[in-house]
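Q: Quick one: this structure, given as structure tokens, is what I'll be asking you about.
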Amino acid sequence: MLECHSPKELNSKIALTMTLGEKLRKLRSDKKITQTQAAEWLKVAQSTYFDWENDKNYPTAKNFARLIEVFGISAAELVDPDWMVTLHQPAPEEGQTGETVMQGNALRMFEILQENQQKQHKRLEDKIEQLEEKIKLLEKRA
Numbered sequence: 001m002l003e004c005h006s007p008k009e010l011n012s013k014i015a016l017t018m019t020l021g022e023k024l025r026k027l028r029s030d031k032k033i034t035q036t037q038a039a040e041w042l043k044v045a046q047s048t049y050f051d052w053e054n055d056k057n058y059p060t061a062k063n064f065a066r067l068i069e070v071f072g073i074s075a076a077e078l079v080d081p082d083w084m085v086t087l088h089q090p091a092p093e094e095g096q097t098g099e100t101v102m103q104g105n106a107l108r109m110f111e112i113l114q115e116n117q118q119k120q121h122k123r124l125e126d127k128i129e130q131l132e133e134k135i136k137l138l139e140k141r142a
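Just so you know, full-length UniProt numbering puts 71 at position 71 of the sequence shown, and the rest follows in order with no gaps.
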């Protein structure tokens, strides 16, 4: 499970930048679409998107990647670089507590997600090319 904590949640300082919800509202407004349309584009419930815009909840890493893709922006434009991300995962060995917690700069984590997505896209393109070549060879033999 991925949890994002804004600077306000990590300490009592007031963030000087726009909240994620404010950024999402502006992006949606710039595209002149409704919350329902944005939710459909992102393949989430309208209530989920509403919660994001109202800073009641935060998108998962998968949904952050969709937001970046759908709105055509970079992770840096969407995520405040001071946000911290906490990743909870099951402990790998017996005898450890229930979760291993890693914290890091959210911006870097989302850049890594984007890089991995691009690598996966390239691998799929290469696989498609290989399959197309095999099809051509099979058609020549037939």
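Just so you know, even glycine gets a beta-carbon here, dropped at the ideal spot from N, CA and C.
If you're wondering where the values come from, they're calculated on a predicted model, not measured in any experiment.
Specify, as a first and last residue, the run of the alpha helix (DSSP H) that Thr19 falls within.
A: Locating residue 19 in the sequence shown gives position 19, counting from the first residue. Note, Thr19: premise wrong, no alpha helix (DSSP H); not H, not E.
Q: Return the CA-CA distance between Glu133 and Glu125, expressed in angstroms with no decimal places.
A: In the sequence shown, the residue the question calls residue 133 occupies position 133. In the sequence shown, the residue the question calls residue 125 occupies position 125. CA-CA distance, Glu133 to Glu125, rounds to 12 angstroms.
Q: Distance check for Trp52 and His88, CA to CA, integer angstroms please.
A: Against the sequence shown, residue 88 aligns to sequence position 88. Against the sequence shown, residue 52 aligns to sequence position 52. Low per-residue confidence applies at His88: pLDDT is 44, beneath 50, and the placement is therefore not dependable enough to give any value.
Q: Let me know if Arg28 comes out buried or exposed under the rule of 16 or more other beta-carbons within 10 Å of its beta-carbon.
A: Residue numbering aside, residue 28 sits at position 28 when the sequence shown is read from its first letter. Arg28 is classed as buried because its beta carbon has at least 16 other beta carbons within 10 Å across all chains shown.
Q: With a threshold of 6 angstroms on Cβ separation, who are the neighbours of Glu111 within its own chain once the five nearest residues in sequence on each side are excluded?
A: Along the sequence shown, read from residue 1 onward, the residue named residue 111 stands at position 111. Excluding positions up to five away in sequence, the list reads Ala75.
Q: Where does Val58 sit, in a helix, a strand or coil, going by DSSP?
A: Here the question's residue 58 lines up with position 58 in the sequence shown. Sequence check: residue 58 is Tyr here, not Val. Correct three-state label for Tyr58: coil.
Q: Just how far apart, CA to CA, sit Lys31 and Arg141?
A: Numbered from 1 along the sequence shown, position 31 holds the residue referred to as residue 31. Numbered from 1 along the sequence shown, position 141 holds the residue referred to as residue 141. Their Cα atoms are separated by approximately 51 angstroms.
Q: Threshold first: 4 residues or longer. Then list the alpha helix (DSSP H) segments lying entirely within the UniProt domain "HTH cro/C1-type" (24 to 78), N to C.
A: 35 to 42, 46 to 53, 61 to 71 and 75 to 78
Q: State yes or no: is the beta carbon of Lys32 nearer than 7 angstroms to at least one beta carbon in chain E?
A: As a matter of chain content, chain E is missing from the structure shown, which is built from one protein chain.
Q: Do you know offhand how far Thr34's Cα is from Glu139's?
A: Working through the sequence shown from its first residue, we reach residue 34 at position 34. Working through the sequence shown from its first residue, we reach residue 139 at position 139. Across the structure, Thr34 and Glu139 are spaced so that their CA atoms are roughly 49 angstroms apart.
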